[in-house]
Amino acid sequence: MGHLDHATFGWLTPVLSYAMACIGAALGLRCTVRALGAYGRSRRNWLLTAASAIGTGIWTMHFVAMLGFGVRGTDIRYDVPLTVLSLLVAIVVVGAGVFAVGYGRDRGRALVLGGLTTGLGVASMHYLGMAALRLHGEVSYEPLLVGVSVAIAVVAATAALWAALNISSPAAVAVASLVMGGAVSSMHYTGMTAVGVHVTPSGQALPGATAMQFVFPLAVGLGSYLFLTSAFVALSPTADEREASASAQRPGENDLSSTPSTSPTPPTSAVP
2 MGHLDHATFG WLTPVLSYAM ACIGAALGLR CTVRALGAYG RSRRNWLLTA ASAIGTGIWT
62 MHFVAMLGFG VRGTDIRYDV PLTVLSLLVA IVVVGAGVFA VGYGRDRGRA LVLGGLTTGL
122 GVASMHYLGM AALRLHGEVS YEPLLVGVSV AIAVVAATAA LWAALNISSP AAVAVASLVM
182 GGAVSSMHYT GMTAVGVHVT PSGQALPGAT AMQFVFPLAV GLGSYLFLTS AFVALSPTAD
242 EREASASAQR PGENDLSSTP STSPTPPTSA VP
């Protein structure tokens, strides 16, 4: 069995990947809270943004952590189509869970369905991303730890959606995102603990791209998307702020309409 190193750059990749998970979770939760207070097209757009934020954050967390993954005795490459597919799966399946909560009439049932769907989507993204690995050898998994990692993903997703339904203050959302980021990171490293690699030395060139050629630039791009979208959400007014602004404008309009007319009345003619 080859020796696996999950932090070849020390604490840099675990800390940075955790930060990406927290940012994606915080942005997704804020967007979901906005969606629950909106209607029609606005609700749909907020839910789409939430799905892209959570899915992107989870994917970025996984592959930033994978930048620190190494196996002694073999190089590592990544299959580009499978890696991109893992990102799309994360966004689509997380979106299904978020929309189940956003449009579900029975909140309890929607929470269970959304948490299960989103959690399985997170797990699918993780193991699809692992399937994109190309190395000299065979990758195996410990079934029990795989099951534990999937369970963590489902519980974390359900807890995050519960927070979106029941928490609205920015401070509470921040705390919930830290917890969710920790849960997503725990799921990732539990899944990585389940990995075993039997190295078969070979001089043949591996197919695919290196992490620095493909994964790193894509992770930087998606991280920039999260930061820019976070700024947009933070600067956009909430429903309460829009209502307060509209209410502040109404008194002036009402005063103007209620002001008596100042036009002079014509004088009455004298009766001879």
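Using the numbering used here, the first residue of the sequence shown is number 2, and each one after it goes up by one.
Where a beta carbon is used, it is the ideal one built from N, C-alpha and C, also for glycine.
Between the options, which lies nearest to residue i when the distance is taken from Cα to Cα?
{"i": "Arg73", "options": "Val216, Ala235 and Val200", "result": "Val200"}
{"i": "Phe64", "options": "Tyr19, Ser43, Gly98 and Thr33", "result": "Tyr19"}
{"i": "Met62", "options": "Leu112, Gly183 and Ser237", "result": "Gly183"}
{"i": "Val95", "options": "Arg45, Leu117, Phe10 and Tyr142", "result": "Leu117"}
{"i": "Ala26", "options": "Leu207, Gly197, Val149 and Ala164", "result": "Ala164"}
{"i": "Gly98", "options": "Leu162, Ala235, Gly204 and Gly197", "result": "Leu162"}
{"i": "Val156", "options": "Cys32, Gly120 and Ser87", "result": "Gly120"}
{"i": "Ile77", "options": "Leu86, Val85 and Met67", "result": "Met67"}
{"i": "Thr194", "options": "Ala101, Met131, Leu112 and Val221", "result": "Met131"}
{"i": "Ala22", "options": "Ala206, Ser187 and Leu207", "result": "Ser187"}
{"i": "Val180", "options": "Gly197, Ala206, Ile153 and Gly204", "result": "Ile153"}
{"i": "Gly138", "options": "Gly197, Gln214 and Leu219", "result": "Gly197"}
{"i": "Ala206", "options": "Phe10, Thr50 and Arg135", "result": "Arg135"}
{"i": "Leu114", "options": "Ala101, Val123, Ser225 and Trp60", "result": "Ala101"}
For the alpha helix (DSSP H) that residue i lies in, which residues bound it at each end?
{"i": "Arg106", "result": "Neither: Arg106 is in no alpha helix (DSSP H) and is coded neither H nor E."}
{"i": "Ile59", "result": "Gly41 to Met67"}
{"i": "Gly29", "result": "Leu13 to Leu37"}
{"i": "Val216", "result": "It is not in any alpha helix (DSSP H) - Val216 carries neither H nor E in the DSSP assignment."}
Report back the beta-carbon spacing between residue i and residue j to the nearest angstrom; my notes put them in contact at under 8 Å.
{"i": "Gly103", "j": "Leu37", "result": "7 Å"}
{"i": "Leu227", "j": "Ile24", "result": "5 Å"}
{"i": "Tyr190", "j": "His7", "result": "7 Å"}
{"i": "Val90", "j": "Met126", "result": "5 Å"}
{"i": "Thr14", "j": "Gly58", "result": "The Cβ separation is near 15 Å, so there is no contact."}
{"i": "Gly105", "j": "Val147", "result": "Not quite, the Cβ-Cβ distance comes to about 29 Å (not below 8 Å), so this is no contact."}
Considering just the uninterrupted stretch of the beta strand (DSSP E) at residue i, what are its terminal residues?
{"i": "Val198", "result": "Val196 to Val200"}
{"i": "Ile77", "result": "Ile77 to Tyr79"}
Kindly identify the DSSP beta-bridge partner or partners of residue i.
{"i": "Ala210", "result": "Tyr79"}
{"i": "Leu5", "result": "Val72"}
- Message: Quick check for students: name the residue ranges of the beta strand (DSSP E) that lie wholly in the segment 117-158, counting only runs of 3 or more.
- Response: List check, beta strand (DSSP E) in window: 134-136 and 138-142.
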